[in-house]
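Asker: Residue numbers for the sequence shown follow this note's numbering, beginning at 5 and rising by one. Even for Gly, the Cβ is constructed at its ideal location relative to N, Cα and C.
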Amino acid sequence: MYQLDEKEINIEFHKEPYESTVWDVVRMCYQMDIRNNLRTSLENRDWEQIENIFECMTHQMSFYSATYVVLPYMVELLEQVMEEGDVEHAFTLIFHLGVCLATDIPVNQYEKIDSPILEDYNAAAQKLAGLTKRYINTYIEEIHKMNQEMRSMLLVSAIAILGDRQLAYGLVLSGLELTEIGVMCGGECQFYEEEFAVLEDCEDQTVIPAEYKPGQWDGKFDQDWFAWTSALADMLGAKQELEFLCYLNGTFTCPECGKTKKMIDFMKTYFAEG
Ligand SMILES: [Zn+2]
Numbered sequence: 005m006y007q008l009d010e011k012e013i014n015i016e017f018h019k020e021p022y023e024s025t026v027w028d029v030v031r032m033c034y035q036m037d038i039r040n041n042l043r044t045s046l047e048n049r050d051w052e053q054i055e056n057i058f059e060c061m062t063h064q065m066s067f068y069s070a071t072y073v074v075l076p077y078m079v080e081l082l083e084q085v086m087e088e089g090d091v092e093h094a095f096t097l098i099f100h101l102g103v104c105l106a107t108d109i110p111v112n113q114y115e116k117i118d119s120p121i122l123e124d125y126n127a128a129a130q131k132l133a134g135l136t137k138r139y140i141n142t143y144i145e146e147i148h149k150m151n152q153e154m155r156s157m158l159l160v161s162a163i164a165i166l167g168d169r170q171l172a173y174g175l176v177l178s179g180l181e182l183t184e185i186g187v188m189c190g191g192e193c194q195f196y197e198e199e200f201a202v203l204e205d206c207e208d209q210t211v212i213p214a215e216y217k218p219g220q221w222d223g224k225f226d227q228d229w230f231a232w233t234s235a236l237a238d239m240l241g242a243k244q245e246l247e248f249l250c251y252l253n254g255t256f257t258c259p260e261c262g263k264t265k266k267m268i269d270f271m272k273t274y275f276a277e278g
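1. Check whether the Cβ of Lys272 sits closer than 7 Å to any heavy atom of ligand 1, and report yes or no.
2. Taking all protein chains shown into account, do 16 or more other C-beta atoms lie within 10 angstroms of the C-beta of Leu122, making it buried, or fewer, making it exposed?
3. With H, G and I counted as helix, E and B as strand and the rest as coil, what does DSSP make of Phe67?
4. Do you know offhand how far Asn112's Cα is from Ile268's?
5. Mind reading off the beta-carbon distance from Leu158 to Phe248? Whole number of angstroms is fine, and I expect it under 8 Å.
6. Measure the beta-carbon distance from Arg155 to Ile109 and round it to whole angstroms, keeping in mind my assumption that it falls under 8 Å.
7. Using a threshold of 8 Å, state whether the C-beta atoms of Phe275 and Phe256 are closer than that.
8. Does the beta-carbon of Tyr34 have 16 or more other beta-carbons within 10 angstroms, so that it is buried, or is it exposed?
9. DSSP beta-bridge partners for Glu197?
10. Can you tell me where the alpha helix (DSSP H) holding Lys243 begins and where it ends?
11. Between Phe195 and ligand 1, is there a pair consisting of the residue's CB and a ligand heavy atom that are separated by less than 7 Å?
12. Do you know offhand how far Gly178's Cα is from Met61's?
13. Looking at the strands, I want to know which residues DSSP matches up with Thr142.
14. Is Lys266 close to ligand 1? I mean its beta-carbon at under 7 Å from any heavy atom of the ligand.
15. Assess contact between the stretch 129 to 136 and the stretch 6 to 20, defined as three or more Cβ pairs (one per stretch) separated by less than 8 Å. Is contact present?
16. List the whole-angstrom C-beta distance separating Tyr114 from Ser69, where the pair is believed to meet the contact cut-off of C-beta under 8 Å.
17. Given that a residue counts as buried once 16 or more other Cβ atoms are within 10 Å of its Cβ, and exposed if not, what is Thr273?
18. Cβ of Cys104 within 7 Å of any heavy atom in ligand 1?
19. Shorter than 7 Å, the distance from the beta carbon of Glu198 to the closest heavy atom of ligand 1, or not?
20. May I have a chain-ordered list of the alpha helix (DSSP H) segments no shorter than 4 residues that lie completely inside the stretch 40 to 99?
21. Count Cβ pairs between the stretch 84 to 103 and the stretch 22 to 40 that sit closer than 8 Å; are there 3 or more?
22. Please return the same chain residues whose Cβ sits closer than 6 Å to the Cβ of Lys19, not counting the five positions on each side in sequence.
23. Using only alpha-carbon positions, find the residue among Ile165, Asn141 and Val79 that is nearest to Ala106.
24. Run through the DSSP bridge pairs and tell me what Phe256 is partnered with.
25. So Tyr22 and Ala94 are in contact, right, with Cβ under 8 Å, and what is the actual spacing, rounded?
26. Could you tell me the boundaries of the alpha helix (DSSP H) in which Val29 lies?
27. Based on Cα-Cα distance, which residue from Cys258, Glu47, Ile163 and Lys149 lies nearest to Ala235?
28. Would you call Trp51 buried or exposed, if buried means 16 or more other Cβ atoms sit within 10 Å of its Cβ?
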């Protein structure tokens, strides 16, 4: 269970009114008329259309500036469906919102938006973190009964929402199957592989995985990404993903230049420069 302060849920933010001219300038893939699509899909609770909006907004894991104004609406919807006890749609929203946040990273060059829209967006993202913790606390039994794919989706989104968007971005682009990742050494070194087979390399002992020790997390979501993400995977009952995180925190010696680094650094370099 997460420690959850009510302050993390009671965060207030404004939603950009539909009359605002901001809607005319924010970008969305396929030139979708985001304003009208959002308005009608929320009014009708049209889940197919809501998912369609998310899919456009995270197309090819690019960042679209429409995210700044759509996210607060979707976080409000999440709060509503959680109050209604709608576990299934809360899952859908948390998953897609996490993927949206995973696209909001420096490597995705994009136009910044001015305050106060940015402040409202950030406040909505903070509230999303509180709601995600509450979802995990409340529905942990349901989560344990989910299939492996759903647990993996939830884990990756929760990683984006609770603190490491860049790691989540890498995980989504690795296809969520967590069997192959892109790796790159960087700097002067040319070592680069698009499909680095994870488990095989553990067997060959070229990658030495880190060890997970239960009960060692201090409850903070700070720089020590492995401490909180591995504790999260363990709590969700995501065994395969936990093994993958141990692998990412493991060490690997570059076959070309001989440098030894964490596997996650090879993956992050691949997505930043590859
Ligand atoms: Zn190298």
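Answerer: Put simply:
1. Counted from its first residue, the sequence shown places residue 272 at position 268. No, since every heavy atom of ligand 1 falls outside the 7 Å radius drawn around the Cβ of Lys272.
2. For the purposes of this step, residue 122 is identified with residue 118 of the sequence shown, where counting begins at 1. When all chains shown are included, Leu122 counts as exposed.
3. The count along the sequence shown starts at 1 and reaches residue 67 at position 63. Coil.
4. Counted from its first residue, the sequence shown places residue 112 at position 108. Counted from its first residue, the sequence shown places residue 268 at position 264. Distance between the alpha carbons of Asn112 and Ile268 is about 19 Å.
5. Counting from one through the sequence shown, the residue named residue 158 turns up at place 154. Counting from one through the sequence shown, the residue named residue 248 turns up at place 244. Actually they do not touch by this definition, with Cβ atoms about 15 Å apart.
6. Sequence index remark: in the sequence shown, residue 155 carries index 151 (1-based). Sequence index remark: in the sequence shown, residue 109 carries index 105 (1-based). Not really, about 24 Å apart at Cβ, beyond 8 Å.
7. Position 271 of the sequence shown holds residue 275. Position 252 of the sequence shown holds residue 256. For the 8 Å CB-CB criterion, Phe275 and Phe256 do not form a contact.
8. Taking the sequence shown and counting its residues from 1, one reaches residue 34 at position 30. Exposed: under 16 other Cβ atoms inside 10 Å.
9. Residue 197 sits at position 193 when you count from the first residue of the sequence shown. Paired residues: Val187.
10. As a position in the sequence shown, residue 243 is number 239, starting the count at 1. Its alpha helix (DSSP H) spans residues Lys243 to Leu252.
11. Translated into positions along the sequence shown, residue 195 becomes position 191. The answer is yes for Phe195.
12. The residue given as residue 178 occupies position 174 in the sequence shown. The residue given as residue 61 occupies position 57 in the sequence shown. Strictly speaking, residue 178 in this sequence is Ser, with Gly absent from that position. One C-alpha to the other measures close to 19 Å.
13. Reading the sequence shown from its first residue, position 138 is the one you call residue 142. Checking the DSSP bridge columns, you'll see Thr142 has no partner listed.
14. Within the sequence shown, the letter at position 262 stands for residue 266. Lys266: no, Cβ never under 7 Å from ligand 1.
15. Counting Cβ pairs under 8 Å, three or more are found: they touch.
16. In the sequence shown, the residue the question calls residue 114 occupies position 110. In the sequence shown, the residue the question calls residue 69 occupies position 65. Right, their Cβ atoms sit about 6 Å apart.
17. As a working note, residue 273 is residue 269 in the sequence shown. By the neighbour-count rule (16 or more Cβ atoms within 10 Å), Thr273 is buried.
18. Taking the sequence shown and counting its residues from 1, the one referred to as residue 104 is at position 100. Not under cutoff, so the answer is no.
19. Numbered from its first residue, the sequence shown carries residue 198 at position 194. Taking 7 Å as the cut-off, the C-beta of Glu198 does not count as close to any heavy atom of ligand 1.
20. Unbroken alpha helix (DSSP H) runs of no fewer than 4 residues, entirely contained in the stretch 40 to 99, are found at 51 to 61 and 70 to 87, following chain order.
21. Because the criterion of three Cβ pairs below 8 Å is not met, the stretch 84 to 103 and the stretch 22 to 40 do not touch.
22. Against the sequence shown, residue 19 aligns to sequence position 15. Listed in chain order, the non-local C-beta contacts of Lys19 below 6 Å within the same chain comprise Pro76 and Tyr77, local neighbours out to five positions each way being set aside.
23. In the sequence shown, residue 106 corresponds to position 102, counting from 1. When C-alpha distances from Ala106 are compared across Ile165, Asn141 and Val79, the shortest belongs to Ile165.
24. Position 252 of the sequence shown, counted from the first residue, corresponds to residue 256. Paired residue(s): Val211 and Lys265.
25. In the sequence shown, residue 22 corresponds to position 18, counting from 1. In the sequence shown, residue 94 corresponds to position 90, counting from 1. That pair is no contact at about 25 Å.
26. Locating residue 29 in the sequence shown gives position 25, counting from the first residue. Where Val29 is concerned, the enclosing alpha helix (DSSP H) stretches over Val26 to Val29.
27. Within the sequence shown, the letter at position 231 stands for residue 235. Cα-wise, what sits closest to Ala235 is Ile163.
28. On the sequence shown, residue 51 is found 47 positions in, with the first residue counted as 1. Under a 10 Å Cβ-count criterion, Trp51 is classified as exposed, with fewer than 16 other Cβ atoms of the shown protein chains found around its own Cβ.
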